[in-house]
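With UniProt numbering applied, the sequence shown corresponds to residues 1 to 275, in that order.
C-beta: ideal position from N, C-alpha, C; glycine also.
Quick caveat, the model's predicted, so the values are computed rather than measured.
Scroll down for the structure; my scribbles are underneath it.
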Amino acid sequence: MFQQSFPCNEQFQSPYYEPVIQFSKYHKTEMELEKLRLIGDEICEKAVTFIETIKNSDISNSNCPLKFRNTLNLMRAHIENESNPNLDVVDFLSGVSTIPEWVDFSQIERGQFSLIKYSFPTLCLSLLHSSLVGGVSSPKINAVLISTGYLSGSLTFQRLIETTHWLIDIMKPGSLVPGRKGWRSTISVRILHEKVRQTIKRKISRKDSAFDSDFPVSKRKKSNYDIQKYGVPINQEDMIATALSFFGIYFDTFPRRLGIVLQERELLDILAVWR
Numbered sequence: 001m002f003q004q005s006f007p008c009n010e011q012f013q014s015p016y017y018e019p020v021i022q023f024s025k026y027h028k029t030e031m032e033l034e035k036l037r038l039i040g041d042e043i044c045e046k047a048v049t050f051i052e053t054i055k056n057s058d059i060s061n062s063n064c065p066l067k068f069r070n071t072l073n074l075m076r077a078h079i080e081n082e083s084n085p086n087l088d089v090v091d092f093l094s095g096v097s098t099i100p101e102w103v104d105f106s107q108i109e110r111g112q113f114s115l116i117k118y119s120f121p122t123l124c125l126s127l128l129h130s131s132l133v134g135g136v137s138s139p140k141i142n143a144v145l146i147s148t149g150y151l152s153g154s155l156t157f158q159r160l161i162e163t164t165h166w167l168i169d170i171m172k173p174g175s176l177v178p179g180r181k182g183w184r185s186t187i188s189v190r191i192l193h194e195k196v197r198q199t200i201k202r203k204i205s206r207k208d209s210a211f212d213s214d215f216p217v218s219k220r221k222k223s224n225y226d227i228q229k230y231g232v233p234i235n236q237e238d239m240i241a242t243a244l245s246f247f248g249i250y251f252d253t254f255p256r257r258l259g260i261v262l263q264e265r266e267l268l269d270i271l272a273v274w275r
C-alpha cells in the first residue's frame with residue numbers, strides 16, 4: 001500500500017543511510033515516484049526515431065563526414081542543411097540548446113572548479129564505492145544493465161570508463177555552454193539512453209533495428225526485461241535517483257567517510273553543475 005503523503009517535519013532514520021531525514025513538502029511519496037517509472041523521454045524518442053530512419057540515406061550524410069556521423073551531429077546537420085527540417089528534431093535541439101533562466105555560468109564554473117578540486121581520486125572513489133555500487137545493486141536499475149549486457153565482464157569496466165570520460169568532459173570550465181564538449185557529451189548520453197530504451201523494447205518483441213548493433217545484446221536472444229515490473233527502461237525515477245546519488249555523496253560520503261566538509265557555497269555551486 002503506497003503512502004499518500006509525508007507529515008512535514010517528521011523525521012526518519014533509514015537503516016541504509018546514516019543522517020536523519022526530515023520530511024518536507026518537497027519529498028515525493030512512493031505513489032508519486034511510481035508514476036515516474038512509466039515516463040521515458042518522449043521528445044528525445046521522436047527525434048532519435050526520425051534520425052535513425054534517415055541515418056544511412058544520401059541526404060542525411062552528404063554534408064556530414066563519416067567520422068562525425070553520430071546521432072547528435074546528424075541532428076544538427078539535418079537542421080542546418082534541410083530547408084524543411086523535421087519538427088521533432090527541431091524541438092529536441094531547441095530544448096537542449098535553450099539556457100534556463102536560473103542558469104548562472106559563473107556559478108557553474110565555480111562548481112566545475114570545485115569538482116576538479118575534490119575529484120580525483122576522492123570523487124571517483126566515492127562514486128565507485130557508493131553511488132555506482134548502489135545503483136547496480138538496485139534490481140530496478142540493474143535490470144537495464146543486465147538486458148544490455150553492460151553488467152558482465154569487461155563491459156562493466158567499459159561502462160565505468162565511459163562514465164569517467166563524461167565526468168571529465170563536464171568538469172572543464174565553460175564546457176556546459178550549448179555546443180561545447182561537456183554539453184555535447186551530456187546530450188549524447190541522453191540520446192544513448194533513448195537508444196537503449198528502444199533497443200530493449202524491440203528485444204522484448206524480438207524486432208531488430210539498424211542501430212541495435214550499438215549494444216552487446218544486438219544479436220542475442222529476446223530480452224527478459226519486464227516493463228510491468230520495472231517500468232520503462234531508464235525511466236524518470238531512475239534518472240532522478242542517479243542524479244541524486246551523484247550529488248548526494250558531497251553531503252554524505254565526503255564528510256562521513258573521507259572527512260571532507262564542503263562549504264555551503266561550494267555545495268550550491270556543485271549543485272548548479274549537476275542541475
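Rounded to the nearest angstrom, how far is the Cβ of residue i from that of residue j, given a contact under 8 Å?
i: L176; j: I108; result: 6 Å
i: S40; j: I234; result: For clarity, residue 40 is Gly in the given sequence; the question names Ser instead. Going by Cβ atoms, the distance from G40 to I234 rounds to 7 Å, so yes, they are a contact pair.
i: I191; j: L72; result: 6 Å
Which same chain residues end up closer than 8 Å to residue i when comparing Cβ atoms and leaving out the 5 residues on each side of it in sequence?
i: F50; result: N86, D88, V89
i: S60; result: Low confidence applies to S60: its pLDDT is 48, below 50, so where it sits in the model is not reliable enough to give any reading.
i: G179; result: S97
i: I204; result: K222, S223, Y225, I227
Going by DSSP, what residue range makes up the alpha helix (DSSP H) through residue i?
i: residue 276; result: Examination of residue 276 is not possible in this model, given that the chain is present from 1 through 275 alone.
i: H165; result: 153-171
i: Q198; result: 181-205
i: T29; result: Careful: T29 lies outside any alpha helix (DSSP H) and carries neither H nor E.
i: I240; result: 236-248
i: T148; result: 139-148
i: Q228; result: 227-230
i: W274; result: 264-274
i: F251; result: Neither: F251 is in no alpha helix (DSSP H) and is coded neither H nor E.
i: R76; result: 71-81
i: G40; result: Neither: G40 is in no alpha helix (DSSP H) and is coded neither H nor E.
i: G95; result: 87-97
In the DSSP output, which residue or residues are listed as bridge partners for residue i?
i: F12; result: I21
Excluding the 5 residues flanking residue i on each side, which residues of the same chain have their C-beta closer than 6 Å to its C-beta?
i: I200; result: S147, S223, Y225, P233
i: Y150; result: R159
Can you give me the Cβ contacts of residue i inside the same chain, cut-off strictly under 7 Å, excluding the 5 residues immediately before and after it?
i: V189; result: W166
i: G182; result: D169, I170, K172, S175, L176
i: K46; result: D88
Inset, instruction - For the segment 191-208 and the segment 140-154, state whether three or more C-beta atom pairs, one from each stretch, are separated by less than 8 Å. - result: Segments in contact, yes.
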